[in-house]
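Student: Counting from 1, position 139 in the sequence shown corresponds to residue 142 in the numbering used here; the numbering is continuous, with no gaps. Below is one structure. I have some questions about it.
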Amino acid sequence: MMTEQVLLQQVIRGDRTAQRELYSRYSGCAASVAMRYVADTEGMKDVLQESFVKVFTSVAQFEYRGEGSLKAWVMRIVVNMSLNYLKRRIRYVEAEQIPDVPDDDDEPDLMRVPPERLMTMIGELPPGYRTVLNLFVFEHKSHKEIARLLGIKENSSASQYLRAKKLIAKKIKNYIRDNDEERLI
Numbered sequence: 004m005m006t007e008q009v010l011l012q013q014v015i016r017g018d019r020t021a022q023r024e025l026y027s028r029y030s031g032c033a034a035s036v037a038m039r040y041v042a043d044t045e046g047m048k049d050v051l052q053e054s055f056v057k058v059f060t061s062v063a064q065f066e067y068r069g070e071g072s073l074k075a076w077v078m079r080i081v082v083n084m085s086l087n088y089l090k091r092r093i094r095y096v097e098a099e100q101i102p103d104v105p106d107d108d109d110e111p112d113l114m115r116v117p118p119e120r121l122m123t124m125i126g127e128l129p130p131g132y133r134t135v136l137n138l139f140v141f142e143h144k145s146h147k148e149i150a151r152l153l154g155i156k157e158n159s160s161a162s163q164y165l166r167a168k169k170l171i172a173k174k175i176k177n178y179i180r181d182n183d184e185e186r187l188i
């Protein structure tokens, strides 16, 4: 397997085989990232296509900074394209309009939930909650940065994150309870 740097040089030269290799190498991870934001398969496919069009049309401007930097750049494009997709389709609500989620200070045992099931739970969140949660947890953005990216208030970002976290905790507890009940039967 060729290094990322060699692959990049060949893609910049327009080598179709290298372009297919880049797509093959990163499309699975890119689809997973897109799916974290865009819960429907058709939307995720649109984001994936837009992302790789952007990658191939702007790859010459990419500045290689060592092994892993090309993949990180591709994933950043996927996140940005996912956000653009969501901005066109969903409306974010201000903190005052978000319904209350009951407080439950008990943190669930995350280790008892398979990662793919946890990703499904995240995908089931309302779009605004899911987007803020992804940006905060996976992209390590501050609420100030999230607010700027989504065009919402900082307190709305924080509020939607907390509500997303509570909904996920509830889903995890239900999952654990249901699995424990199945084992008893």
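Just so you know, even glycine gets a beta-carbon here, dropped at the ideal spot from N, CA and C. Owing to the predicted nature of the structure, the values given are computational and were not obtained by experimental measurement.
1) Taking 6 Å as the limit between beta carbons, can you name the residues of its chain near Gln13, skipping five residues before and five after?
2) Would you grab the beta carbon distance between Arg91 and Ile179 for me? Rounded to a whole angstrom, and I think it's under 8 Å.
3) For the structure I just gave you, are there three or more beta carbon pairs, one from the region 124–140 and one from the region 23–40, closer than 8 Å?
4) What is the DSSP secondary structure of Gly131, reduced to helix, strand or coil?
5) Taking the continuous alpha helix (DSSP H) assigned at Ala150, which residues delimit it?
6) Where in the region 11–71 do unbroken runs of the alpha helix (DSSP H), each at least 4 residues long, occur, reported from the N-terminal end onward?
7) Evaluate the contact criterion for the region 22–33 versus the region 48–60: three or more CB pairs, one atom per stretch, below 8 Å.
8) What residue range is occupied by the uninterrupted alpha helix (DSSP H) comprising Ile93?
Tutor: Straight from the coordinates:
1) Here residue 13 refers to the residue found at position 10 of the sequence shown. Only Ala21 meet the Cβ criterion.
2) Working through the sequence shown from its first residue, we reach residue 91 at position 88. Working through the sequence shown from its first residue, we reach residue 179 at position 176. Not really, about 37 Å apart at Cβ, beyond 8 Å.
3) yes
4) Mapped onto the sequence shown, residue 131 falls at position 128. Of the three classes helix, strand and coil, the one that applies to Gly131 here is helix, per DSSP.
5) What you label residue 150 is simply residue 147 of the sequence shown in a count that begins at 1. First-last of the alpha helix (DSSP H) with Ala150: His146 to Leu153.
6) 19–40 and 44–61
7) yes
8) Locating residue 93 in the sequence shown gives position 90, where the first residue counts as 1. That residue, Ile93, is in no alpha helix (DSSP H); it is neither H nor E in DSSP.
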